[in-house]
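In our numbering, the protein residues as written are 1 to 346. Notes follow the structure.
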């Protein structure tokens, strides 16, 4: 990512756009005041798969450490899903950067002030834990044979300790979307900097629990209690996601929040993310709870698919509203005025 996206931004003034006495101009003649991020589909897919990879690993480790014996299926599926979702993540990141050496260059030195550098290191460290846990699970499942040297070495490793340690970079990867967006100058992201991290975690957890529920609902032998626990986790994280999205929209205001309220992005927010990805899955799960019966496997699978679709649309919405917001000079100046009017801390 070009360095100008990582530095603090300054409002560019020119011609009739100048203002006296430090006053922020109201318009910029329709010309964007900041550079918009170049991110498109590669980064959207990277955010989506990276969130699922990290959150699936967290859920798998929690199920292993604190779950019941029947929750071993969650641990097993979580390790495999985490590894499967991890595979395309570095590929997508490298393709977005343009050249593989840029990714390797970020690994030469850890720059704590660079979100992309920290993210590259976090992805690499988590990748080691996710790969190792998936290999241990494969050895336990007999995929490497029972008496081979590799299988014996993997089965002798402390899987619980590795899983517990891996939750730290896994959790970071789940929150990384929000951290990266909040570190930019884009008005709608900067205005909601404190909400983006929790929103990324909630969305990653809901998408991961949906992916787990989808796989286990299609597999034979999964108990209804296991599916019910995943359904409960999915419901909680979807509600948290809804609250955070509502708070972000309210916090943005009519000017900065314009991309979420108007045009096709506004429709994606209302009917895609809120209606399809959050409201409908919650309604399907609530209906079964109100009727006092377990959610059928078909309904569980349908709710999971809709949740995953909503999680992807949320990533699309976050990236595209940011691009739209950066192109809006009124949003940039509204954010600047809000910062200048903020009372100073004693």
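Where a beta carbon is used, it is the ideal one built from N, C-alpha and C, also for glycine. Since the model is a prediction, treat every value here as computed from it, not as a measurement.
Can you tell me which of the three DSSP states residue i falls into?
i, result
"residue 295", "coil"
"residue 157", "coil"
"residue 186", "coil"
"residue 268", "helix"
"residue 331", "helix"
"residue 210", "helix"
"residue 251", "helix"
"residue 51", "helix"
"residue 259", "helix"
"residue 148", "coil"
"residue 198", "helix"
"residue 40", "coil"
"residue 20", "Note that residue 20 has pLDDT 40, beneath the 50 cutoff, so the model's placement of it is unreliable and no number is given."
"residue 105", "helix"
"residue 34", "coil"
"residue 180", "helix"
"residue 191", "helix"
"residue 315", "helix"
"residue 141", "coil"
"residue 337", "helix"
"residue 324", "helix"
"residue 173", "helix"
"residue 110", "coil"
Would you tell me roughly how many angstroms separate the C-alpha atoms of residue i and residue j, rounded to the nearest one?
i, j, result
"residue 328", "residue 168", "37 Å"
"residue 96", "residue 108", "19 Å"
"residue 245", "residue 62", "26 Å"
"residue 304", "residue 214", "6 Å"
"residue 264", "residue 124", "36 Å"
"residue 222", "residue 216", "6 Å"
"residue 148", "residue 134", "17 Å"
"residue 54", "residue 41", "20 Å"
"residue 105", "residue 176", "20 Å"
"residue 317", "residue 142", "42 Å"
"residue 145", "residue 151", "7 Å"
"residue 88", "residue 34", "31 Å"
"residue 7", "residue 184", "Note on residue 7: pLDDT 39, under 50, position unreliable in the model; the coordinate value appears next. Looking at the two C-alpha atoms, the distance is approximately 8 Å."
"residue 130", "residue 137", "11 Å"
"residue 161", "residue 64", "10 Å"
"residue 202", "residue 48", "12 Å"
"residue 26", "residue 36", "Legend: pLDDT at residue 26 = 48, less than 50; position of this residue unreliable, value from coordinates given subsequently. For residue 26 and residue 36, the distance between alpha carbons rounds to 20 Å."
"residue 262", "residue 120", "34 Å"
"residue 153", "residue 333", "60 Å"
"residue 231", "residue 209", "8 Å"
"residue 308", "residue 281", "10 Å"
"residue 325", "residue 260", "10 Å"
"residue 157", "residue 73", "20 Å"
"residue 248", "residue 302", "28 Å"
"residue 258", "residue 207", "27 Å"
"residue 314", "residue 321", "10 Å"
"residue 289", "residue 101", "52 Å"
"residue 116", "residue 110", "10 Å"
"residue 197", "residue 268", "21 Å"
From the options, pick the residue whose C-alpha is nearest to that of residue i; which is it?
i, options, result
"residue 234", "278, 266 and 66", "278"
"residue 299", "286, 311, 310 and 309", "286"
"residue 140", "315, 75 and 127", "75"
"residue 256", "44, 336 and 222", "336"
"residue 195", "205, 150 and 182", "182"
"residue 86", "294, 267 and 46", "46"
"residue 43", "72, 312, 158 and 330", "312"
"residue 283", "260, 308, 238 and 93", "238"
"residue 38", "323, 69, 334 and 89", "323"
"residue 159", "60, 314, 90 and 199", "60"
"residue 171", "150, 156, 199 and 144", "199"
"residue 83", "98, 118 and 132", "132"
"residue 51", "220, 88, 206 and 174", "174"
"residue 270", "211, 242 and 110", "242"
"residue 306", "261, 228 and 211", "211"
"residue 118", "179, 128 and 163", "179"
"residue 331", "205, 310 and 253", "253"
"residue 71", "191, 325, 157 and 227", "227"
"residue 57", "204, 231 and 272", "204"
"residue 219", "273, 157, 77 and 69", "77"
"residue 122", "93, 258 and 333", "93"
"residue 251", "192, 165, 81 and 80", "192"
"residue 163", "290, 314, 98 and 80", "80"
"residue 319", "115, 90 and 188", "188"
"residue 225", "186, 115 and 296", "296"
"residue 240", "274, 91 and 267", "274"
Output yes if chain C places a C-beta closer than 7 Å to the C-beta of residue i; else output no.
i, result
"residue 299", "Of the protein chains in this structure there is only one, and it is not chain C."
Which residue spans inside the segment 57–99 form an unbroken beta strand (DSSP E) run of at least 3? The segment 57–99 contains no whole beta strand (DSSP E) run of 3 or more residues.
Any chance you could list the beta strand (DSSP E) runs of at least 3 consecutive residues sitting entirely within the segment 214–253, in chain order? You should have found no qualifying run.
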